[in-house]
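Notes follow once the structure below has been shown.
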Amino acid sequence: MVGNKADLEHQRVVSLDEAHALSRQLKVPYIECSAKARMNVDQAFHELVRLVRRFQEAERINMKPNQKSNKKRNCNIL
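Counting from 77, one number per residue, gives the positions in the sequence shown under our numbering.
Below is the structure:
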């Protein structure tokens with residue numbers, strides 16, 4: 077979960093505690109970033125890539141050895 081526009085602290089609508097509570101409830105990491113201030117943008121992207129790879133690896137491991145995926149392959153651009 078990514079909180080954007082972290083450079084606008086004075087305009088914050090969701091408290092840091094609320095954001096962390098929701099991320100714990102959803103069992104996902106939380107990071108705040110600001111494209112304007114160039115803060116944590118790369119870290120957020122790299123964390124997303126790590127999570128996607130971990131999910132794909134878990135999915136691959138759960139497939140039976142000779143089982144083919146029925147999913148149609150798509151190209152997704154983030």
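We treat Cβ as the ideally placed atom computed from N, Cα and C, and that holds for glycine.
If you run the structure through DSSP and keep just helix, strand and coil, what is residue i?
i	result
residue 104	coil
residue 128	helix
residue 90	coil
Return the chain-ordered list of same chain residues with a C-beta closer than 6 Å to the C-beta of residue i, the five sequence neighbours on each side being excluded.
i	result
residue 108	79 and 82
residue 112	83
residue 116	107 and 109
residue 101	none
Below 8 Å CB to CB, which residues in the same chain sit around residue i once its five sequence neighbours on both sides are set aside?
i	result
residue 138	none
residue 88	none
I believe residue i touches residue j by the beta-carbon criterion, under 8 Å. Please report the beta-carbon distance rounded to the nearest angstrom.
i	j	result
residue 94	residue 105	That pair is no contact at about 16 Å.
residue 77	residue 91	At roughly 14 Å, the Cβ-Cβ gap does not stay under 8 Å, so residue 77 and residue 91 are not in contact.
Leaving out five residues on either side along the sequence, give the residues of the same chain with a beta carbon under 7 Å from the beta carbon of residue i.
i	result
residue 132	none
residue 96	106
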